[in-house]
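Trainee: For the record, in the sequence shown the residue sitting at position 432 is 431 according to numbering that gives the first Met the number 0, with numbers rising by one throughout. Virtual Cβ for every residue (Gly too), placed ideally from N, Cα, C.
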Amino acid sequence: MTNFKNELGKHVLILDGAMGTMVQNLELSDAAFGGPEFKMLTDLLVFSRPDDLEGIHLEYLQAGANLIETDTFGASPLRLKEFDFSKFDPSDLKAVPEQLDLKNCSLEMLTLKLNIEGCRIAKRAIEKYRAQPDYDGRPLFVAGSIGPSNYVISSTEANLNKGTFRQVVENFYHQVLGLIEGGADVLLIETQQDILETKAIIEGANKAFAEKKIKLPMIVQATVDVFSKMQIFNTDIHAAYTAVSKMGIDVFGINCNVGPVEMVATVEKLSGFCKHPISVVPNAGQPISEDGQTCYKLSPEDMANTMEPFVREHGVSIVGGCCGTTPAHIKALREKLNGAVPAPRQPDRKIYVSGPQEAVPIDASEGLLRIGERLNVRGSQLVRDAVETEGEEICMEVLEEVVNEQVKDLGIEIIDICMDSNIVETEEVLPAIIHGLTSDFKGVMCIDSFSVEALEKSIETYPGRPIINSISLEEYKDGVSKLDAVLSSTSSHGPIYIALVNGPEGPAQTADEKYNLAAEIVKQANEKYGVGADQILIDVNAYPIGSESVEGLNFC
């Protein structure tokens, strides 16, 4: 079987077009969905109209697509939970697997079966197309479609469904199990609007991969506006990429919301900083309303003409279509780009961390990188009084003032946050404060704690790529080093780590000892957890001369 990752970069790959648009054109009755209440749940068509879905896949393959998406965009437990299945009428769903009671089965079981069937339908379409005399031998792949859960994890006061990181991890773990069992070649995590949810989806996928002892390639696509921002939380596309860049993804890109013309500026930005292959999947222009219906009017030719420079000039590796696109749009892309090789790119080599809105380079070439340390319960009486309230609520207004003073008034890029306290439960307080402060935060956080549990919980509330303070080779507990304890619970998020040159006997004292400990930390982090040297900042524990504990030791 052709390897998807091997094909990236050899030539442009064409993703298919809209599934929803094609389903609307079928003009199906309510019965095909199990009743009028379920018409938004097109995923159920895998049980009622598998032949129609197979036909849609075939149309896109005949138009020139390399990747076809499964009809599983909303097939996850949290999305299914929105529907009252007690009103469901399965009488027209003739392809339901035996012994599956759609009205009474668990949402997890329904999720599993929907995703298995969605993949099998797409695979059958590929097999049929390969058998046709006009098949040109190009590589073909089933892309398992994963849409949002409709629950937000990032902090917001908006009237939206609120979820937790672990809840969303479990949600998509179940969906990915079905996509694996059904035979998907690649996961397509698309239309993402909350970068913390995106991180949870990837964590859920990785959990499923570990259980099934398989690793599928992952395409992650954010949905942005004309200003290159994810709209709900104002997350810049660079910040979004930075947040997931070290989580095991294989392609990063954008889809939906706008047409290709409105994506030009974002594509140019992506080309300049994205170290992964890029995918671009626009709508067929901007949506307009006609007779109460949403319509998309961009012609196939205009779409292909606009997108050609994405590949030939900006090095985009995957192109396709979202809302309003049809096989005609995909055919135009194939004709315009057949055999095209993505232009070589030289993306920015700087290392970045990110917050919920912006990415910040770890780069001292133009000046010092400033880290504010006033948000520390041990170093600020103001913060201590706001946090150590003994039964009263934390005074978030005070903490917000401390943050704003450093970020907005002083222009500090990174805020160190430490809530290690003997008065409050750090494991509960630190993640709660991080969650509260990131609702409108333009900087980056350095999450600082002696408690590994606090670090683990906190990184699950942080919508970005933080710095973790700290790791070392000193013993944490029961013979386990701080490096092993912290990395085993946080490394899947891909943060940056501050590493102290401390060993089992304490801080290194000489330059040689510091160097050797630093080298050992980098080695163990990479060999045990896949953490690269570019994810580690070495703190050599340099102190003022006046702090020498032994005269003449030169510990500083």
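Could you tell me if Gln380 is buried or exposed, where buried requires 16 or more neighbouring beta carbons within 10 angstroms of its beta carbon?
Mentor: When all chains shown are included, Gln380 counts as exposed.
Trainee: Considering Pro360, what are the terminal residues of the beta strand (DSSP E) in which it resides?
Mentor: Segment 358 to 360, the beta strand (DSSP E) holding Pro360.
Trainee: Thinking Gly143 and Thr69 are a contact (beta carbons under 8 Å), I'd like their distance in whole angstroms, please.
Mentor: Indeed, because the Cβ distance is near 5 Å, the residues count as touching under 8 Å.
Trainee: Short of 6 Å in beta carbon distance, which residues of its chain neighbour Gly314, apart from the five on each side in sequence? Order them along the chain.
Mentor: So the qualifying residues of the chain are Ser270, Pro341, Ala342, Arg344.
Trainee: Is it buried or exposed, Glu189, if we count other Cβ atoms within 10 angstroms and call 16 or more buried?
Mentor: So Glu189 counts as buried.
Trainee: Three-state secondary structure (DSSP) at Gly181?
Mentor: Helix.
Trainee: Write down every uninterrupted run of the alpha helix (DSSP H) in the stretch 311 to 394 whose length is 4 residues or greater and which is fully enclosed by it, in chain order.
Mentor: For the stretch 311 to 394, whole alpha helix (DSSP H) runs of length 4 or above, ordered along the chain, are 326 to 336, 380 to 386.
Trainee: Considering just the uninterrupted stretch of the alpha helix (DSSP H) at Gly143, what are its terminal residues?
Mentor: That residue, Gly143, is in no alpha helix (DSSP H); its beta strand (DSSP E) goes 140 to 145.
Trainee: Are the beta-carbon atoms belonging to Leu367 and Val401 less than 8 Å from one another?
Mentor: No. Outside cutoff.
Trainee: Measure the CB-CB distance between Gly319 and Val280 and report whether it falls below 8 Å.
Mentor: Closer than 8 Å, so yes.
Trainee: Leaving out five residues on either side along the sequence, give the residues of the same chain with a beta carbon under 6 Å from the beta carbon of Ser471.
Mentor: Contacts found: Lys481, Leu499, Asn501.
Trainee: Grouping DSSP H, G and I as helix and E and B as strand, with all else coil, what is Gly284?
Mentor: In this structure, Gly284 counts as coil in the three-state DSSP scheme.
Trainee: Could you spell out the range, first to last residue, of the beta strand (DSSP E) harbouring Gly252?
Mentor: Per DSSP, Gly252 belongs to the beta strand (DSSP E) from 250 to 254.
Trainee: Does DSSP classify Pro503 as helix, strand or coil?
Mentor: Of the three classes helix, strand and coil, the one that applies to Pro503 here is coil, per DSSP.
Trainee: Where does Met0 land, buried or exposed, given buried means 16+ other C-beta within 10 angstroms?
Mentor: Note that Met0 scores 49 on pLDDT, short of 50, meaning its location in the model is unreliable; the coordinates nonetheless yield the value given after this. Flag for Met0 reads exposed.
Trainee: So, under 8 Å CB-CB, Pro49 and Ala121 are touching, yes? Tell me the CB distance rounded to an integer number of Å.
Mentor: About 10 Å; that fails the 8 Å criterion.
Trainee: Between the stretch 127 to 138 and the stretch 181 to 200, are three or more C-beta pairs nearer than 8 Å?
Mentor: No, the stretch 127 to 138 is not in contact with the stretch 181 to 200.
Trainee: For Ile218, which residues does DSSP report across the bridge?
Mentor: In the DSSP output, where bridge partners are listed per residue, Ile218 has Leu187, Val250.
Trainee: Evaluate contact between the stretch 346 to 354 and the stretch 440 to 452, counting only Cβ atoms and requiring at least three cross-stretch pairs below 8 Å.
Mentor: Flag = yes, the stretch 346 to 354 and the stretch 440 to 452 touch.
Trainee: Taking all protein chains shown into account, decide if Asp15 is buried (16 or more other Cβ within 10 angstroms of its Cβ) or exposed.
Mentor: Buried, because 16 or more other Cβ atoms sit within 10 Å of the Cβ of Asp15.
Trainee: Sort out for me which residues DSSP pairs Met444 with in a bridge.
Mentor: According to DSSP, Met444 bridges with Ile414.
Trainee: Pull up the distance between the alpha-carbon of Cys555 and that of Asp193, whole angstroms please.
Mentor: Unreliable positioning characterises Cys555 in this predicted model, as indicated by a pLDDT of 49, which lies under 50. The coordinate reading is nonetheless provided below. Taking the straight line joining both Cα atoms gives about 45 Å.
Trainee: With H, G and I counted as helix, E and B as strand and the rest as coil, what does DSSP make of Cys555?
Mentor: In this prediction, Cys555 scores a pLDDT of 49, lower than 50, which makes its location untrustworthy; the coordinate-derived value is nonetheless stated afterwards. Coil, per DSSP.
Trainee: Note the first and the last residue of the continuous beta strand (DSSP E) segment covering Thr293.
Mentor: That run of the beta strand (DSSP E) goes 292 to 294.
Trainee: Would you list the residues sitting across from Lys228 in a DSSP beta bridge?
Mentor: Answer is Asp235.
Trainee: Within its chain, find whatever has a CB closer than 7 Å to the CB of Ala31; leave out the 5 residues flanking it on each side and keep chain order.
Mentor: Hits under 7 Å: Leu44, Ser47, Arg48, Asp91.
Trainee: In this structure, how does DSSP classify Asp483 when only helix, strand and coil are distinguished?
Mentor: It is helical.
Trainee: Would you call the stretch 98 to 111 in contact with the stretch 76 to 87, where contact means no fewer than 3 C-beta pairs closer than 8 Å?
Mentor: Cβ pair count under 8 Å is three or more, so yes.
Trainee: Would you mind sorting Val479 into buried or exposed? The rule is 16 or more other CB atoms within 10 Å of its CB.
Mentor: Label assigned to Val479: exposed.
Trainee: Just the Cα atoms here: how many angstroms apart are Gly162 and Asp29?
Mentor: Going from the Cα of Gly162 to the Cα of Asp29 covers about 31 Å.
Trainee: Quick check on DSSP: helix, strand or coil for Leu472?
Mentor: Looking at Leu472 - three-state DSSP - the assignment turns out to be coil, as it is neither helix nor strand.
Trainee: Please determine, among His275, Asp42, Glu36, Met21, the residue with the shortest C-alpha to C-alpha distance to Leu57.
Mentor: Of the candidates His275, Asp42, Glu36, Met21, the one whose C-alpha sits nearest the C-alpha of Leu57 is Met21.
Trainee: Would you mind stating whether Ile152 and Ala199 have Cβ atoms separated by less than 8 Å?
Mentor: Yes. Within cutoff.
Trainee: Taking C-alpha atoms, which residue in Tyr240, Gly247, Ala64, Lys112 lies nearest to Ala331?
Mentor: That would be Ala64, whose Cα lies nearest to the Cα of Ala331.
Trainee: Mapping the DSSP letters down to three states, classify Met0 as helix, strand or coil.
Mentor: Residue placement at Met0 cannot be trusted, given a pLDDT of 49 that sits under 50; what the coordinates show is reported in the next sentence. Looking at Met0 - three-state DSSP - the assignment turns out to be coil, as it is neither helix nor strand.
Trainee: Which residue marks the beginning of the beta strand (DSSP E) containing Ile125, and which one marks its end?
Mentor: Looking at the DSSP string, Ile125 is not in any beta strand (DSSP E); the run it does join, the alpha helix (DSSP H), is 106 to 129.
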